[in-house]
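2 protein chains.
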Amino acid sequence: MARPRSFNQTAVLTAAMHAFRRQGFAATSVRDLEAAAGVTSGSLYNSYRNKRSLFLAASEHYNHAVLERRIQDHAPKGSGIEGLRQLFLSLLHEPDGGSAGCLVTNSAVEFGDTEIPNFVSDGFDVLRDTFADRLGDDRAEAVALLALYQGVLVLIRAGYAAHDLKKMITHYFENLEERHGR
Amino acid sequence: MARPRSFNQTAVLTAAMHAFRRQGFAATSVRDLEAAAGVTSGSLYNSYRNKRSLFLAASEHYNHAVLERRIQDHAPKGSGIEGLRQLFLSLLHEPDGGSAGCLVTNSAVEFGDTEIPNFVSDGFDVLRDTFADRLGDDRAEAVALLALYQGVLVLIRAGYAAHDLKKMITHYFENLEERHGR
DNA sequence: CACATTATATAATGAACGTTCTAAAATGAA
DNA sequence: TTCATTTTAGAACGTTCATTATATAATGTG
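Respectively, the protein sequence lines represent chains A and B.
FYI, in my numbering the residues of the first sequence are 540 to 721.
FYI, in my numbering the residues of the second sequence are 540 to 721.
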């Protein structure tokens, strides 16, 4: 009945997600997005109302395809504290030394002075609930892990020595296991 | 010999610091800075080469006037773990619910994809060295506190429930004191 | 093959940006 | 008071931006 889309919607979302994660929302221009996704602005605006709408879609995609996926890969239900340790350690082996950081963390900071998008609070909730569950419902400790997780991502993005972070994580989880009786 | 400056240099630096802290470097326009500092761009460009140069000066000012000042106020040398607890708790009582966050944390994220300005690494070092000293030179724990500190600032900026953060900090420091034998 | 419909490419638009330029104003020295 | 010097105010410049408008291309259907 009409001309079909000539691009893969998920591929565009993934490309936009990477660009936004690396450079932030405001610093990523529509031309950057065209180049990253291999699609011209005409097509982007045909699928999304504006840059913000594409950003929000890419961010939801991030929460599922990257964040929840990472949890599933390293700290699935039942994996306990050991799963959480692996989850934290996995952050140290990201491409480019992890300089892209996390889209949730980065957006929390970028939008902190205005209105925080829902996907940020959602990302925090997913992490905290995962931590609490794997710890056997220790809420205060889960919030501590949430803060530690965000902080590690800030430090990694800023190029903080990965070796020091690894030692820190190792020590932290040794203590955590002792305190949670093993 | 010539016309004197008609504005207070520290006041301009402080105003710029607040603007950059709230909105970030890129999102703060020179016109924003004019309004915040009560000085026109002509004067700003007469004193600073460009926006970035003013930003770097304002950031150095932040490290001394805000960060080191906060340490001195809450966790001076000799104050031990109790000082650190007060330092962390003080973050929960910032104006506007702390939505401005920390200029070091915010800049670590904003510039994470390019070159990190020196004041960011300096800020990290000051914090980590302070933590290590007050803990009696426990480096791994100091790095954990550095990450926790950055994470708390991210969460506060994103409007995370201050009540939960307070409980978390309280629990964290109870554990810390036990582990450091008291 | 037309036709309706939707996608695509790119030009055009208007606003905002950082920076530079220009002229006036303010000072101390001569 | 005249001069050299520096600061100040704000207009002007060129660029980049997100978005809209426009024209063309591709499809299934009749």
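Just so it is clear, CB atoms sit at the ideal spot from N, CA and C, and this is done for glycine as well.
Model, not experiment: these values are computed from the prediction.
Just to confirm my understanding: we take residue i, look at its own chain, exclude 5 residues before and 5 after, and list those with CB closer than 7 Å. What are they?
i      : result
B:I655 : A647
B:D661 : N602
B:K590 : V569
B:G563 : N645, E649
B:A681 : R667, F670, A671, L674
B:E716 : I620
A:G581 : none
For residue i, go through chain B and note every residue whose CB falls closer than 9 Å to its CB, in chain order.
i      : result
A:K706 : R678, A679, V682
Counting only Cβ pairs nearer than 7 Å, list the residues of chain B close to residue i.
i      : result
A:A565 : A565, A566
A:I655 : A697, G698
A:D703 : V682
A:D571 : Going along chain B, no residue has its Cβ under 7 Å from A:D571, so there is no contact; the nearest lies around 12 Å.
Look up residue i in the DSSP assignment and say whether it is helix, strand or coil.
i      : result
A:K616 : coil
B:L692 : helix
B:T653 : coil
B:A700 : coil
B:M540 : coil
B:N602 : helix
A:V682 : helix
B:E633 : coil
B:V517 : The displayed coordinates of chain B run from 540 to 721. Any statement about residue 517 of chain B would go beyond what the structure contains.
A:H710 : helix
B:F559 : helix
B:Y587 : coil
B:N547 : coil
A:S638 : coil
B:T567 : coil
B:G662 : helix
B:G622 : helix
B:L674 : coil
If the cut is a Cβ gap below 9 Å, which residues of chain A does residue i touch?
i      : result
B:R673 : The premise fails here: B:R673 is roughly 17 Å from chain A at the closest Cβ pair, so nothing lies under 9 Å.
B:E649 : G563, A566, N645, V648, E649
Since residue i meets chain A, which of its residues come closer than 8 Å, beta carbon to beta carbon?
i      : result
B:R718 : N714
Considering only heavy atoms of the ligand SAH, does any lie closer than 6 Å to the CB of residue i?
i      : result
A:L685 : As for the ligand SAH, it is missing from this structure, which has no ligand bound.
Can you list the residues of chain A that residue i reaches, using a CB-CB cut of under 7 Å?
i      : result
B:Y711 : A683
Using a cut-off of 8 Å between C-beta atoms, extract the partners of residue i located in chain B.
i      : result
A:Y688 : G690
A:L694 : A647, F663, L685, A686, Q689
Which residues in the same chain as residue i place their Cβ atom closer than 6 Å to its Cβ, once the five residues preceding and following it in sequence are excluded?
i      : result
A:V659 : V643, S646, A647
B:A597 : L552, A555, M556, F559
A:A701 : L631
B:D571 : A558
A:A600 : Going by the sequence as given, residue 600 of chain A is His instead of Ala. Counting only Cβ-Cβ distances below 6 Å, and skipping sequence neighbours, we find L552, M556.
A:L626 : H613, A614
A:I510 : In the structure as shown, chain A starts at 540 and stops at 721, and residue 510 of chain A therefore has no counterpart that could be examined.
Can you name, in chain order, every residue of its own chain whose Cβ lies under 8 Å from the Cβ of residue i, other than the five neighbours on each side?
i      : result
B:L685 : F663, L666, R667, F670
A:I695 : L630, L631, E633, G636, G637, S638, G640, A701, L704
B:A604 : T553, M556
Confirm, please, whether the CB-CB distance from residue j to residue i is below 7 Å.
i      : j      : result
A:A683 : B:M707 : yes
B:G690 : A:L687 : yes
B:G619 : B:R544 : no
A:A679 : B:H710 : yes
B:A697 : A:G651 : yes
B:E573 : B:T579 : yes
A:Y510 : A:L593 : The requested residue 510 of chain A does not occur in the structure, where chain A is confined to residues 540 to 721.
Just by C-beta distance, which residues in the region 613-645 of chain B are closer than 8 Å to chain A?
-> Taking a C-beta cut-off of 8 Å against chain A, the contacting residues of the region 613-645 of chain B are S638, A639, G640, T644, N645, listed in chain order.
Name the residues in the region 657-670 of chain A whose C-beta lies less than 8 Å from a C-beta of chain B; which are they?
-> V659, S660, F663
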